[in-house]
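Below: one structure, written as C-alpha coordinates.
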Amino acid sequence: MDRLDELALFVAIIDAGSLAGAARRLNRSAAATTRALAALEARVGARLVARTTRRLAPTPAGLALAEQARGLVSGYEGAILGAGEGLVRGLVRITAPVLFGRRHIAPVVASFLDAYPETQVELVLADRNVDLVEERLDVALRIGAPAESRLVARRVGQVRRILVASPAYIAARGAPQSPGDLATHDTILGQTRSGPLEWLFGRTRVRLAPRLIVNEVEAALTAARAGRGIARVLSYQAAEDIAAGRLVRLLPGHEPPPVPVQLVTPGADHRPARVNAFLDHASAALRALPVLHSDGGNSGAGMS
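In this note's numbering, the protein residues as written are 1 to 304.
Laid out in C-alpha coordinates, this is it:
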(Lines of atoms letter the chains of each structure in order from A and count residues from 1; the text may use other names and numbers.)
(Lines give C-alpha, C1' and ligand atoms only; values in the text may rest on other atoms or scores of the structure.)
Protein backbone atom coordinates (compact mmCIF):
# COMPACT_ATOMS: atom_id res chain seq x y z
CA MET A 1 0.00 0.00 0.00
CA ASP A 2 1.44 3.38 -0.98
CA ARG A 3 1.38 6.31 1.40
CA LEU A 4 -1.63 8.05 -0.21
CA ASP A 5 -3.67 4.84 -0.09
CA GLU A 6 -2.69 4.51 3.55
CA LEU A 7 -4.04 7.98 4.32
CA ALA A 8 -7.22 7.34 2.33
CA LEU A 9 -7.77 4.16 4.33
CA PHE A 10 -7.26 6.03 7.60
CA VAL A 11 -9.84 8.65 6.57
CA ALA A 12 -12.27 5.85 5.67
CA ILE A 13 -11.75 4.30 9.13
CA ILE A 14 -12.55 7.60 10.82
CA ASP A 15 -15.60 8.22 8.61
CA ALA A 16 -16.96 4.69 8.99
CA GLY A 17 -16.20 4.47 12.71
CA SER A 18 -15.04 0.88 12.33
CA LEU A 19 -12.36 -1.17 10.63
CA ALA A 20 -14.97 -3.45 9.05
CA GLY A 21 -16.91 -0.51 7.60
CA ALA A 22 -13.75 1.00 6.11
CA ALA A 23 -12.77 -2.37 4.66
CA ARG A 24 -16.15 -2.73 2.92
CA ARG A 25 -16.07 0.81 1.63
CA LEU A 26 -12.63 0.38 0.06
CA ASN A 27 -13.13 -3.26 -0.95
CA ARG A 28 -10.30 -4.54 1.26
CA SER A 29 -10.11 -7.38 3.73
CA ALA A 30 -10.55 -6.67 7.43
CA ALA A 31 -7.12 -8.17 8.13
CA ALA A 32 -5.40 -5.90 5.60
CA THR A 33 -7.18 -2.88 7.05
CA THR A 34 -6.05 -3.76 10.58
CA ARG A 35 -2.46 -4.22 9.42
CA ALA A 36 -2.49 -0.91 7.55
CA LEU A 37 -3.70 0.97 10.62
CA ALA A 38 -1.04 -0.67 12.80
CA ALA A 39 1.66 0.22 10.28
CA LEU A 40 0.49 3.83 10.13
CA GLU A 41 0.46 4.13 13.93
CA ALA A 42 3.95 2.67 14.06
CA ARG A 43 5.17 5.17 11.47
CA VAL A 44 3.55 8.11 13.29
CA GLY A 45 4.69 6.83 16.67
CA ALA A 46 1.34 7.48 18.33
CA ARG A 47 -2.02 5.81 18.79
CA LEU A 48 -4.45 7.21 16.23
CA VAL A 49 -7.77 5.60 17.22
CA ALA A 50 -9.34 4.54 20.50
CA ARG A 51 -11.97 1.84 20.81
CA THR A 52 -15.27 2.64 22.55
CA THR A 53 -18.04 0.15 23.28
CA ARG A 54 -19.67 0.79 19.91
CA ARG A 55 -17.12 2.21 17.48
CA LEU A 56 -13.66 3.58 16.87
CA ALA A 57 -12.96 7.22 17.67
CA PRO A 58 -9.90 9.26 16.72
CA THR A 59 -7.42 10.24 19.41
CA PRO A 60 -6.19 13.86 19.38
CA ALA A 61 -3.26 12.73 17.23
CA GLY A 62 -5.63 10.82 14.96
CA LEU A 63 -7.97 13.79 14.65
CA ALA A 64 -5.11 16.06 13.59
CA LEU A 65 -3.83 13.51 11.06
CA ALA A 66 -7.33 12.87 9.66
CA GLU A 67 -7.85 16.59 9.02
CA GLN A 68 -4.61 16.88 7.06
CA ALA A 69 -5.08 13.54 5.32
CA ARG A 70 -8.58 14.47 4.17
CA GLY A 71 -7.22 17.54 2.40
CA LEU A 72 -4.44 15.58 0.72
CA VAL A 73 -6.75 12.79 -0.45
CA SER A 74 -9.38 15.25 -1.68
CA GLY A 75 -6.74 17.25 -3.55
CA TYR A 76 -5.40 14.12 -5.23
CA GLU A 77 -8.87 12.96 -6.26
CA GLY A 78 -9.70 16.40 -7.60
CA ALA A 79 -6.53 16.45 -9.67
CA ILE A 80 -7.25 13.02 -11.14
CA LEU A 81 -10.85 13.90 -11.96
CA GLY A 82 -9.77 17.19 -13.49
CA ALA A 83 -7.20 15.47 -15.69
CA GLY A 84 -9.76 12.93 -16.87
CA GLU A 85 -12.66 15.33 -17.23
CA GLY A 86 -14.66 14.65 -20.35
CA LEU A 87 -13.28 11.12 -20.87
CA VAL A 88 -16.15 8.63 -20.72
CA ARG A 89 -14.45 5.44 -19.66
CA GLY A 90 -14.18 3.17 -16.65
CA LEU A 91 -16.58 1.32 -14.36
CA VAL A 92 -20.09 2.52 -13.44
CA ARG A 93 -21.74 0.65 -10.57
CA ILE A 94 -25.55 0.69 -10.65
CA THR A 95 -28.31 -0.78 -8.50
CA ALA A 96 -32.04 -1.22 -9.16
CA PRO A 97 -35.03 -3.26 -7.93
CA VAL A 98 -34.94 -6.81 -9.31
CA LEU A 99 -37.97 -6.77 -11.62
CA PHE A 100 -37.48 -3.21 -12.85
CA GLY A 101 -33.81 -3.93 -13.36
CA ARG A 102 -34.45 -7.04 -15.44
CA ARG A 103 -37.11 -5.44 -17.61
CA HIS A 104 -35.89 -1.88 -18.03
CA ILE A 105 -32.43 -1.14 -16.59
CA ALA A 106 -30.66 -4.08 -18.25
CA PRO A 107 -31.60 -2.86 -21.78
CA VAL A 108 -30.49 0.66 -20.86
CA VAL A 109 -27.16 -0.70 -19.65
CA ALA A 110 -26.71 -2.63 -22.91
CA SER A 111 -27.32 0.46 -25.05
CA PHE A 112 -25.02 2.53 -22.81
CA LEU A 113 -22.19 0.01 -23.27
CA ASP A 114 -22.74 0.15 -27.03
CA ALA A 115 -22.63 3.96 -26.99
CA TYR A 116 -19.50 4.14 -24.80
CA PRO A 117 -17.15 1.25 -25.70
CA GLU A 118 -14.54 2.19 -23.06
CA THR A 119 -16.95 1.80 -20.15
CA GLN A 120 -17.85 -1.16 -17.96
CA VAL A 121 -20.98 -1.61 -15.82
CA GLU A 122 -21.62 -3.59 -12.67
CA LEU A 123 -25.40 -3.98 -12.20
CA VAL A 124 -26.60 -4.96 -8.71
CA LEU A 125 -30.28 -5.98 -8.61
CA ALA A 126 -31.78 -5.98 -5.10
CA ASP A 127 -35.21 -5.29 -3.65
CA ARG A 128 -33.79 -3.17 -0.85
CA ASN A 129 -32.41 0.33 -0.66
CA VAL A 130 -28.69 -0.36 -0.91
CA ASP A 131 -26.46 2.18 0.85
CA LEU A 132 -24.72 3.85 -2.11
CA VAL A 133 -21.84 5.27 -0.08
CA GLU A 134 -21.25 2.16 2.03
CA GLU A 135 -21.28 -0.17 -1.00
CA ARG A 136 -19.54 2.30 -3.34
CA LEU A 137 -22.30 2.45 -5.94
CA ASP A 138 -22.58 5.30 -8.43
CA VAL A 139 -26.27 5.29 -9.40
CA ALA A 140 -29.49 3.77 -8.05
CA LEU A 141 -32.94 3.51 -9.58
CA ARG A 142 -35.36 4.25 -6.75
CA ILE A 143 -39.16 4.09 -6.67
CA GLY A 144 -40.46 6.65 -4.20
CA ALA A 145 -38.84 9.72 -2.67
CA PRO A 146 -35.27 9.15 -1.41
CA ALA A 147 -35.14 8.70 2.36
CA GLU A 148 -31.64 10.19 2.53
CA SER A 149 -31.18 13.93 2.08
CA ARG A 150 -27.56 13.43 0.98
CA LEU A 151 -28.73 11.79 -2.27
CA VAL A 152 -29.18 13.80 -5.46
CA ALA A 153 -32.25 12.71 -7.44
CA ARG A 154 -33.21 12.99 -11.10
CA ARG A 155 -36.86 12.17 -11.80
CA VAL A 156 -37.54 9.95 -14.83
CA GLY A 157 -41.21 9.07 -14.37
CA GLN A 158 -43.86 7.85 -11.97
CA VAL A 159 -45.86 4.73 -11.16
CA ARG A 160 -48.95 3.83 -9.13
CA ARG A 161 -49.96 1.12 -6.71
CA ILE A 162 -52.79 -0.80 -8.38
CA LEU A 163 -55.09 -3.78 -7.82
CA VAL A 164 -55.26 -6.53 -10.44
CA ALA A 165 -57.01 -9.85 -10.93
CA SER A 166 -57.53 -12.27 -13.79
CA PRO A 167 -60.65 -12.21 -15.99
CA ALA A 168 -61.41 -15.75 -14.76
CA TYR A 169 -61.35 -14.66 -11.12
CA ILE A 170 -63.63 -11.69 -11.84
CA ALA A 171 -66.05 -13.91 -13.77
CA ALA A 172 -66.24 -16.31 -10.83
CA ARG A 173 -66.27 -13.85 -7.92
CA GLY A 174 -67.22 -10.50 -9.38
CA ALA A 175 -65.24 -7.26 -9.22
CA PRO A 176 -65.07 -5.30 -5.96
CA GLN A 177 -66.99 -2.02 -6.09
CA SER A 178 -65.25 -0.37 -3.13
CA PRO A 179 -62.13 -1.01 -1.01
CA GLY A 180 -64.30 -2.47 1.77
CA ASP A 181 -65.41 -5.28 -0.58
CA LEU A 182 -61.84 -6.63 -0.58
CA ALA A 183 -62.35 -8.09 2.90
CA THR A 184 -64.61 -10.77 1.36
CA HIS A 185 -62.37 -11.51 -1.65
CA ASP A 186 -59.41 -13.84 -2.09
CA THR A 187 -56.32 -11.67 -1.93
CA ILE A 188 -52.63 -12.16 -2.63
CA LEU A 189 -50.58 -10.20 -0.13
CA GLY A 190 -47.14 -9.10 -1.29
CA GLN A 191 -45.24 -9.03 1.99
CA THR A 192 -44.10 -11.18 4.89
CA ARG A 193 -46.32 -12.00 7.88
CA SER A 194 -44.40 -9.52 10.03
CA GLY A 195 -46.49 -6.68 8.58
CA PRO A 196 -50.21 -6.00 9.10
CA LEU A 197 -52.57 -8.03 6.93
CA GLU A 198 -54.23 -4.99 5.41
CA TRP A 199 -54.23 -2.56 2.51
CA LEU A 200 -54.43 1.18 2.99
CA PHE A 201 -56.63 3.40 0.79
CA GLY A 202 -56.11 6.98 1.95
CA ARG A 203 -57.33 6.92 5.54
CA THR A 204 -59.24 3.68 5.07
CA ARG A 205 -57.60 0.46 6.26
CA VAL A 206 -59.02 -2.76 4.87
CA ARG A 207 -58.24 -5.85 6.93
CA LEU A 208 -57.54 -8.85 4.73
CA ALA A 209 -57.73 -12.63 5.07
CA PRO A 210 -55.26 -13.44 2.26
CA ARG A 211 -55.28 -16.81 0.56
CA LEU A 212 -51.62 -16.33 -0.34
CA ILE A 213 -48.79 -14.31 1.20
CA VAL A 214 -45.63 -13.97 -0.89
CA ASN A 215 -42.62 -11.64 -0.71
CA GLU A 216 -41.72 -11.78 -4.42
CA VAL A 217 -43.66 -9.89 -7.05
CA GLU A 218 -43.31 -12.40 -9.92
CA ALA A 219 -44.88 -15.09 -7.72
CA ALA A 220 -47.73 -12.72 -6.84
CA LEU A 221 -48.33 -11.95 -10.52
CA THR A 222 -48.22 -15.65 -11.44
CA ALA A 223 -50.84 -16.39 -8.80
CA ALA A 224 -53.03 -13.51 -9.96
CA ARG A 225 -52.82 -14.65 -13.57
CA ALA A 226 -53.87 -18.15 -12.43
CA GLY A 227 -57.03 -16.75 -10.84
CA ARG A 228 -55.93 -17.16 -7.22
CA GLY A 229 -57.13 -13.74 -6.13
CA ILE A 230 -56.56 -9.99 -6.21
CA ALA A 231 -52.99 -8.69 -5.98
CA ARG A 232 -51.65 -5.21 -5.31
CA VAL A 233 -48.54 -4.34 -7.32
CA LEU A 234 -46.77 -1.45 -8.97
CA SER A 235 -48.35 -0.46 -12.25
CA TYR A 236 -45.21 -1.10 -14.33
CA GLN A 237 -45.08 -4.65 -12.97
CA ALA A 238 -48.51 -5.54 -14.36
CA ALA A 239 -48.48 -3.35 -17.48
CA GLU A 240 -47.73 -6.17 -19.94
CA ASP A 241 -50.34 -8.47 -18.41
CA ILE A 242 -53.00 -5.74 -18.51
CA ALA A 243 -52.20 -4.91 -22.13
CA ALA A 244 -52.42 -8.60 -23.06
CA GLY A 245 -55.70 -9.10 -21.19
CA ARG A 246 -54.23 -11.55 -18.70
CA LEU A 247 -55.02 -9.19 -15.81
CA VAL A 248 -57.66 -6.52 -15.22
CA ARG A 249 -57.12 -3.33 -13.25
CA LEU A 250 -59.58 -2.90 -10.37
CA LEU A 251 -60.84 0.12 -8.39
CA PRO A 252 -58.81 2.70 -10.36
CA GLY A 253 -60.72 5.52 -8.68
CA HIS A 254 -59.35 4.48 -5.28
CA GLU A 255 -55.66 4.33 -6.19
CA PRO A 256 -53.24 6.43 -4.14
CA PRO A 257 -51.32 9.27 -5.80
CA PRO A 258 -48.45 8.25 -8.08
CA VAL A 259 -44.95 7.91 -6.64
CA PRO A 260 -41.81 9.16 -8.40
CA VAL A 261 -39.27 6.98 -10.16
CA GLN A 262 -35.82 8.52 -9.86
CA LEU A 263 -32.16 8.00 -10.61
CA VAL A 264 -30.19 8.94 -7.51
CA THR A 265 -26.47 9.45 -6.85
CA PRO A 266 -24.49 10.06 -3.66
CA GLY A 267 -23.76 13.64 -4.75
CA ALA A 268 -23.08 15.95 -7.67
CA ASP A 269 -19.61 17.18 -6.69
CA HIS A 270 -16.67 15.70 -8.61
CA ARG A 271 -18.90 13.19 -10.38
CA PRO A 272 -16.90 11.30 -13.04
CA ALA A 273 -17.76 11.84 -16.68
CA ARG A 274 -18.77 8.19 -17.04
CA VAL A 275 -21.43 8.58 -14.31
CA ASN A 276 -22.79 11.79 -15.86
CA ALA A 277 -22.90 10.06 -19.24
CA PHE A 278 -24.88 7.15 -17.80
CA LEU A 279 -27.30 9.49 -16.03
CA ASP A 280 -27.98 11.39 -19.26
CA HIS A 281 -28.30 8.19 -21.30
CA ALA A 282 -30.54 6.41 -18.79
CA SER A 283 -32.72 9.47 -18.14
CA ALA A 284 -33.56 9.83 -21.82
CA ALA A 285 -34.28 6.12 -22.23
CA LEU A 286 -36.41 5.77 -19.08
CA ARG A 287 -38.45 8.92 -19.72
CA ALA A 288 -39.48 7.40 -23.04
CA LEU A 289 -40.96 4.29 -21.36
CA PRO A 290 -44.80 4.31 -21.44
CA VAL A 291 -44.91 2.38 -18.14
CA LEU A 292 -43.35 5.36 -16.34
CA HIS A 293 -46.13 7.72 -17.40
CA SER A 294 -48.77 6.71 -14.85
CA ASP A 295 -52.07 8.01 -16.20
CA GLY A 296 -54.50 5.38 -15.02
CA GLY A 297 -53.97 3.20 -18.10
CA ASN A 298 -51.36 0.46 -18.17
CA SER A 299 -48.98 2.19 -15.80
CA GLY A 300 -48.72 2.66 -11.95
CA ALA A 301 -46.75 1.07 -7.54
CA GLY A 302 -46.22 -2.05 -4.59
CA MET A 303 -43.36 -4.47 -4.42
CA SER A 304 -40.35 -3.05 -6.23
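By construction, the Cβ of each residue, glycine as well, lies at the ideal position given by its N, Cα and C atoms.
Because the structure is a prediction, the values reported are computed rather than measured.
Query: Can you give the Cα-Cα distance for G202 and A239, rounded to whole angstroms?; Result: 23 Å
Query: G157 by DSSP, collapsed to three states: which one?; Result: strand
Query: Flag this pair as yes or no: are the beta carbons of I229 and R205 separated by less than 8 Å?; Result: Residue 229 is actually Gly in this sequence, not Ile. Taking 8 Å as the Cβ cut-off, G229 and R205 do not qualify as a contacting pair.
Query: Do the region 87 to 101 and the region 119 to 131 make contact, defined as three or more Cβ pairs closer than 8 Å?; Result: yes
Query: Going by DSSP, which residues form a beta bridge with N207?; Result: Residue 207 is actually Arg in this sequence, not Asn. E198.
Query: Suppose you measure from the CA of V159 to the CA of G253; what does that come to, to the nearest Å?; Result: 15 Å
Query: Would you mind working out which of G17, A38, A20, R24 sits nearest E6, comparing C-alpha positions?; Result: A38
Query: Based on the DSSP output, what are the partners of R232 in its beta bridges?; Result: L163
Query: Using DSSP with H/G/I as helix, E/B as strand and the rest coil, what is G245?; Result: coil
Query: Quick one: grab the DSSP three-state call for H305.; Result: This structure leaves residue 305 out entirely; the chain is present only between 1 and 304.
Query: Determine, using beta carbons only, whether A282 and L263 come nearer to each other than 8 Å.; Result: yes
Query: Taking the alpha-carbon of G267 as reference, which of R207, A153, L113 has the nearest alpha-carbon?; Result: A153
Query: Output the boundary residues of the alpha helix (DSSP H) element that contains L20.; Result: Reading off the sequence, residue 20 comes out as Ala, not Leu. 19 to 25 is the span of the alpha helix (DSSP H), which, as asked, contains A20.
Query: Quick one: what does DSSP say V133 is sitting in, helix, strand or coil?; Result: coil
Query: Apart from the five residues on each side of it in sequence, which residues of its chain come closer than 6 Å, Cβ to Cβ, to L151?; Result: V264
Query: Measure the alpha-carbon distance for I13 versus A110 and round it to whole angstroms.; Result: 36 Å
Query: Taking only three categories from DSSP, how would you classify P117?; Result: coil
Query: Can you check which of these residues, P176, H185, N215, E218, is closest to A209 by C-alpha distance?; Result: H185
Query: Under 8 Å Cβ to Cβ from S29, same chain only, skipping five residues before and after it: list those, please.; Result: A23
Query: Starting from R3 and walking both ways along the alpha helix (DSSP H), at which residues does that stretch end?; Result: 3 to 16
Query: Count the other CB atoms within 10 Å of the CB of Y76; is the residue buried (16 or more) or exposed (fewer)?; Result: exposed
Query: Applying the 10 Å Cβ sphere with the 16-neighbour rule, what's the burial state of S235?; Result: buried
Query: Let me check one thing: in DSSP terms, what residues is E122 bridge-paired to?; Result: R93
Query: Starting from R55, follow the beta strand (DSSP E) in both directions and report where the run begins and ends.; Result: Counting along the chain, R55 falls outside any beta strand (DSSP E), and DSSP gives it neither H nor E.
Query: On the three-state DSSP scale, how would you describe R103?; Result: helix
Query: Quick one: what's Q262 bridged to in DSSP?; Result: R142, R155
Query: Looking at the structure shown, is L87 part of a helix, part of a strand, or coil, going by DSSP?; Result: coil
Query: Mind checking L286: buried by the 16 CB within 10 Å criterion, or exposed?; Result: buried
Query: Am I right that R232 and R161 are in contact with their C-beta atoms under 8 Å? What's the rounded C-beta distance?; Result: 6 Å
Query: Identify the residues that DSSP records as bridge partners of H320: which are they?; Result: The chain is shown only over 1 to 304; residue 320 falls outside these bounds and no answer can be derived.
Query: Do you know whose CA, among F10, A277, P290, lies nearest V139's CA?; Result: A277
Query: Which residues does DSSP pair with T187 in a beta bridge?; Result: I230
Query: Just tell me which of R93, S178, P167, Q177 has its CA closest to the CA of L137.; Result: R93
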